[in-house]
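FYI, in our numbering the residues of the sequence shown are 33 to 281. Glycine residues also receive a C-beta, built at the ideal position from the N, C-alpha and C atoms. Please read these numbers as outputs of a predicted model, since none were measured by experiment.
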Amino acid sequence: MKFFEKAKKFFNFLLDCLFPRCCTICNRKVGGNDYGNLCPSCVEKIPWIRGNKCSLCSRPMGDTEVSGEGKPICAECKANPPCFKSGMSCWLHKGVGRDIILTLKYRNADFLKNDIATLLKHYCGEVCEFTENSLLVPVPTPYFRRVKRGYNQAEVIAYAVAKIVNNASVVNMLRSKNKKSQTKLKRNERLLNIKGMIECSMDSEGIPQDSRIVIIDDVSTTGTTVNECCRVLQGAGFNNLHVLTLSYG
Numbered sequence: 033m034k035f036f037e038k039a040k041k042f043f044n045f046l047l048d049c050l051f052p053r054c055c056t057i058c059n060r061k062v063g064g065n066d067y068g069n070l071c072p073s074c075v076e077k078i079p080w081i082r083g084n085k086c087s088l089c090s091r092p093m094g095d096t097e098v099s100g101e102g103k104p105i106c107a108e109c110k111a112n113p114p115c116f117k118s119g120m121s122c123w124l125h126k127g128v129g130r131d132i133i134l135t136l137k138y139r140n141a142d143f144l145k146n147d148i149a150t151l152l153k154h155y156c157g158e159v160c161e162f163t164e165n166s167l168l169v170p171v172p173t174p175y176f177r178r179v180k181r182g183y184n185q186a187e188v189i190a191y192a193v194a195k196i197v198n199n200a201s202v203v204n205m206l207r208s209k210n211k212k213s214q215t216k217l218k219r220n221e222r223l224l225n226i227k228g229m230i231e232c233s234m235d236s237e238g239i240p241q242d243s244r245i246v247i248i249d250d251v252s253t254t255g256t257t258v259n260e261c262c263r264v265l266q267g268a269g270f271n272n273l274h275v276l277t278l279s280y281g
């Protein structure tokens with residue numbers, strides 16, 4: 033095994049000499065690191081969420097803020113409890129963290145799947161524990177938007193997670209109608225727009241209703257989209273619901 037690993041590293045070294053890879057974020061040379069499309073400088077600048085944070089939305093919290101029973105819960109989640117049991121975001125939606133999300137979403141960068149898997153494995157190992165023995169359900173994107181983009185970014189993230197997690201599989205249990213994008217809408221507008229946008233797909237049939245389900249999305253802002261996904265699944269009889277997003281903010 034060590035021989036093949038060394039041979040692979042040497043082969044990649046030769047490729048980097050002949051065809052230098054450039055960072056998809058800053059365009060500097062990637063070099064011989066563990067990432068195919070991210071340079072060491074950009075990797076180091078990712079604003080990972082550390083310390084005390086809300087167990088539902090992952091908003092960073094001070095020690096004096098509202099807490100739940102045994103788990104920290106922010107004032108917003110306490111005032112407006114979501115439909116899911118727990119939630120997790122990996123990094124803040126700013127700087128390089130935001131750049132990765134926008135690149136994945138708008139620059140045909142589904143090739144970032146392996147880099148996302150490596151990032152989570154190296155810097156956010158709690159993702160593995162959070163998603164182990166789970167069904168990973170990507171937030172759906174409307175058909176025409178998916179055709180235009182060529183993929184669903186939430187599904188790319190789900191497969192990246194599944195790559196590093198034991199006994200986790202991707203299941204498209206939800207589908208989305210072709211309504212206005214949530215991206216530029218305010219909170220109240222999002223709440224109105226999302227109603228009736230998401231419904232269960234045929235893939236949800238036959239799945240045990242006590243299955244641990246983790247909704248996967250790229251970024252959590254107001255949380256309306258993931259909450260609507262959970263509300264729809266609750267209506268179908270699923271209650272062991274959780275949420276994972278790469279970015280928060």
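{"Asked": "Pick out the complete alpha helix (DSSP H) segments inside the segment 118–185, 4 residues or longer, and give them in chain order.", "Found": "127–138, 145–155, 158–163 and 175–181"}
{"Asked": "What would DSSP say about C115, mapped onto helix, strand or coil?", "Found": "coil"}
{"Asked": "Might you give, ordered along the chain, the residues of its own chain that have their beta carbon closer than 8 Å to the beta carbon of M33, omitting 5 neighbours on each side?", "Found": "Summary for M33: the model assigns pLDDT 49, below 50, so the residue's position carries little reliability; its value from the coordinates is reported in the next sentence. Cβ neighbours of M33 beyond the five flanking positions: none."}
{"Asked": "With a CB to CB cut of under 6 Å and the five nearest residues on each side skipped, what residues in its chain are close to V159?", "Found": "L152"}
{"Asked": "Can you check which of these residues, N199, V171, V75 and P174, is closest to Y155 by C-alpha distance?", "Found": "V75"}
{"Asked": "Kindly identify the DSSP beta-bridge partner or partners of S252.", "Found": "Y280"}
{"Asked": "Between S233 and N184, what straight-line distance do the alpha-carbon atoms span, to the nearest angstrom?", "Found": "16 Å"}
{"Asked": "For W123, count neighbouring C-beta atoms within 10 Å of its own C-beta (all shown protein chains included) and say buried if the count is 16 or more, exposed if not.", "Found": "buried"}
{"Asked": "Would you kindly work out how many angstroms separate the C-alpha atoms of K77 and V128, rounded to a whole number?", "Found": "6 Å"}
{"Asked": "Rounded to whole angstroms, what is the Cα-Cα separation between S201 and N112?", "Found": "30 Å"}
{"Asked": "Note down the Cα distance separating V275 from V258, rounded to an integer number of angstroms.", "Found": "7 Å"}
{"Asked": "DSSP state of E237, grouped into three classes?", "Found": "coil"}
{"Asked": "Whose C-alpha, out of G238, L273, K227 and W80, is nearest the C-alpha of T256?", "Found": "K227"}
{"Asked": "S73 lies in the alpha helix (DSSP H); which residues open and close that run?", "Found": "P72 to E76"}
{"Asked": "Return the residue from the list N204, R91, C55 and C261 that minimises the CA-CA distance to T135.", "Found": "C55"}
{"Asked": "Residues in its own chain within less than 8 Å of K195 by CB, not counting five upstream and five downstream?", "Found": "K145, N146 and A149"}
{"Asked": "Sort G119, A190, D142 and Q266 by Cα distance to I81 and report the nearest one.", "Found": "G119"}
{"Asked": "Given a cut-off of 8 Å, decide if P104 and C86 are closer than it, judged by their beta-carbon atoms.", "Found": "yes"}
{"Asked": "On the three-state DSSP scale, how would you describe K85?", "Found": "strand"}
{"Asked": "Taking DSSP as the reference, what is the three-state secondary structure of I196?", "Found": "helix"}
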